Structure formats: structure tokens, C-alpha cells
Amino acid sequence: MGRRAWTQEGRGLLPCRAAHSARCRRRPRRRRQLTAAHRPSVRDALAGCSERRDVTMKTLDVEALSLDQRYRFADELGRGGFGVVYRATAVDGGEDVAIKLFAPRDGANNELSQRLFNRGAMLAKQLDAPGFVEVREVGEDLERGPYMVMECLEGETLRSRLAREPLTVSESILLAYTLAEILVGAHSQGVVHRDLKPCNLMLVGPQQDELRVLDLGIATLSAEWRSESFETLTQYSCFVGSPCYLAPECVPGHDPHGLKASPRVDVYAWGLILLECLTGETAVQGNNVLKILAEQVRPRPVPIPEVWVESKLGPLLRHALAKDPQQRLASAVELVERLRPLMGDLSWIPEVGRPGCVGRVDEETLPPMSE
């Protein structure tokens, strides 16, 4: 992370006041939530989130003007299991945006893919939490189909950064703490990302010292937040996600407790991302998707280097990476509560040598496939 915008403040490593104030000025409607990050207790930060919001899925509106009449499409920014993202410029005002169009890969269950895309788009649009890419509009274009219009971010994904240059240990721990705080905002509103991985995390800002979470394309609501109108899509026998970061309960046939849509899924991915930042290697690997999934559901624990098992971070990693979701930390709130006391004095960090980043691991989000 950029050294200029992050300082040792109070009990822990937090964004310095200058950088924090600048972000608040850029996004005034989120000032209340951002300011909560500087309060002494995570529970205080959640004080205004005790009442549930009824997040109801709505039919996507068809805009009066087509996308091509309102935006000039430019280069392709990326592809995933559900769509293609383009850079575009608004005809009215000239603002650059990113537009994600629904475009499932070959072999995908198109009906399920579109329902997941629509649901994820609506959740992203209604989510009001700092640290997530801002979704300005969702709809269905007569020619281009379902879409979402997002802010256009300039920066580098964590995947790209790790391939170019490893993070230091302190940078890794700070990034993990920041990600956990961002997830508190989503989990406190019942939103589960379900596809956290390095290529869905972006380092932005002049010094690339701000973290943003991308792609809520397969996000869902945790069970206790669902209204009667919420579409669970349980009629489809499939799974979606990125195998290297997929919680065991998300693999079909391995969810006896009904927790595959709980915040514990994000906690597991969070632990794998932190472990990858610390070691330079993807924690769960395999030669193909089936072998990776078999490793995820295997009862044996995710391997953690001894140097970290014996450190103050060891208990947190073990509880975040528990294969049994009932033994795992319940949400990002617990992550932050456990991690915050470690941030004030980092003298406990062990001196460790780090291997270079390993070769490419296929972590693409899989489109929904039938079993």
C-alpha cells in the first residue's frame, strides 16, 4: 500500500486523516459511514445498521434511450463468467464509466446466469457501504440486454500487484484489515459478496493506497435478511464462484447446515487472500477445477506456514479458514474485532523470508453449470 496515505494512528493502522477527509469530500453522501471507521469500536460503527433494510428484487427497467444513444463505448476492460465490462463515455457530460453487459460463457446455464446477474446488479445498486465500486444504474437494454453502469476506476488489481511485486508483511496485514472493515459494511446490510479474490480487489488513488472491492455479480443476501419475495434460486443444482477461493459449503453436496449464503463464505475467502499476500502463493491449488474443489472440501485444514501458526495472527487465520463453517468466524465484524488489537503494535510480526509469486493459477469465476 502507498506509504504516504497510511499512517500509524491511535491503536491501529488506519487511513491518515488527510486521505480520509479527501475521500469524504469526493463522496459526500458516504461521509457518515466512512467516518465510522475511525470510531473505537466496530459495534459502534454498526449502531446505525440494526434495522433491516427490505432489499426487494425489482424487474429491471428498460431505459427510454438505448445504451448506445447515451454512451460511447470504448475498449474492453475485462471478462468474467457472466459478462463483459467496457469503458464508456456519457454523451451527456462526458463522464467516463464502466458498463458491464450480461454475456455468459459457452456451456453456462443462461437462465440461471441472467437471474444471478440481475440479482447481483440490484444488490450492488442498493448497497450503501464505503469501499465497494459504485453502481450508478442497472437496467435492460433492448439491444444489449441486462447491464449495470458503474464508476470507472483507475488502478491495479491485487492479482496484478502480487504478480508484479509482493506486498510486505505489514502491507499484507493492513490490506486484510481494510478489506475486513469494508466487508463489515456489506455484512451489516445482509449482503454476501461470494466471489472475493485478488482480481476482484483494486488498489486505486494516486498512490494506489485505497482499496476497492469489485464485482458483486454473484452476491446474495444472507438468510435472515431475505424477504418473502427474494428469489433463492435453489431449484438449480449448480455452484458458482472461483474454486481457489471457494468455501467448502459452496460445493454442491457439502452444505449440511445451510450456510453457503452466509457471511462465513466471505470470511473464508478473506483468510485465503491474506495467506496468499503473506506467502506469495495461492493457498489451495490443483491441476484442474475438480482437484481444487476436492482440496477445498477435504477435512484437513488449509496449510498455514508454521511461522504464522505460532504468531499472534495464527488463531485468527485458523478460525477464518476453518473448513467447518460452524467453527469459522461468523462475519467480518468478528474479523475486525479480532484483528484490531493486533494493529497498534506490529512488533509481533515475525521476520520471514518470502518466496516469489507462483505461476498463474486459474481463478476465473465459473459460470453456473449443471452437476
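Residue 1694 in my numbering sits at position 236 of the sequence shown, and the numbers go up by one each step. C-beta: ideal position from N, C-alpha, C; glycine also. Only a predicted model underlies this, so the values are computations on that prediction, with no experimental measurement involved.
- Looking at Val1542, Ser1628 and Gly1699, the one whose alpha-carbon comes closest to that of Ser1805 is Ser1628.
- Taking the C-beta atoms as reference points, Gly1536 is found no nearer than 8 angstroms to Phe1575.
- When rounded, the separation of the alpha-carbon atoms in Phe1590 and Lys1655 is 14 angstroms.
- The residue among Ala1677, Ser1571, Arg1617 and Pro1562 with its C-alpha nearest the C-alpha of Glu1739 is Arg1617.
- Following the DSSP letters along the chain, one finds Val1662 in no alpha helix (DSSP H) but inside the beta strand (DSSP E) bounded by residues Leu1659 to Val1662.
- The beta carbon of Ala1582 sits closer than 6 angstroms to those of Val1593 and Leu1674, all from its chain and outside the five residues before and after it, given in chain order.
- A straight-line Cα-Cα distance of about 41 angstroms links Asn1568 and Glu1795.
- Around the beta-carbon of Ser1630, 16 or more other beta-carbon atoms lie within 10 Å, marking it buried.
- Residue Leu1797 holds the alpha-carbon nearest to the alpha-carbon of Tyr1635 among Asp1653, Met1608 and Leu1797.
- The count of Cβ pairs closer than 8 angstroms, one atom from the segment 1747-1765 and one from the segment 1786-1794, stays below three, leaving the stretches out of contact.
- Counting C-beta pairs closer than 8 angstroms gives three or more between the segment 1601-1618 and the segment 1658-1667, which meets the contact rule.
- Residue pairing by DSSP places Tyr1605 opposite Leu1559 and Gly1597 in a beta bridge.
- Comparing C-alpha distances from Asp1526 to each of Ala1727, His1712, Cys1610 and Tyr1605 shows the shortest one belongs to Tyr1605.
- Here the segment 1772-1781 makes contact with the segment 1755-1764; the two share three or more CB pairs at distances below 8 angstroms.
- For Leu1600, the number of other beta carbons within 10 angstroms of its own is below 16, and it is reported as exposed.
- DSSP, read as helix, strand or coil, puts Asp1554 in strand.
- Contact check for Gly1716 against Cys1708 fails: the beta carbons are separated by 8 angstroms or more.
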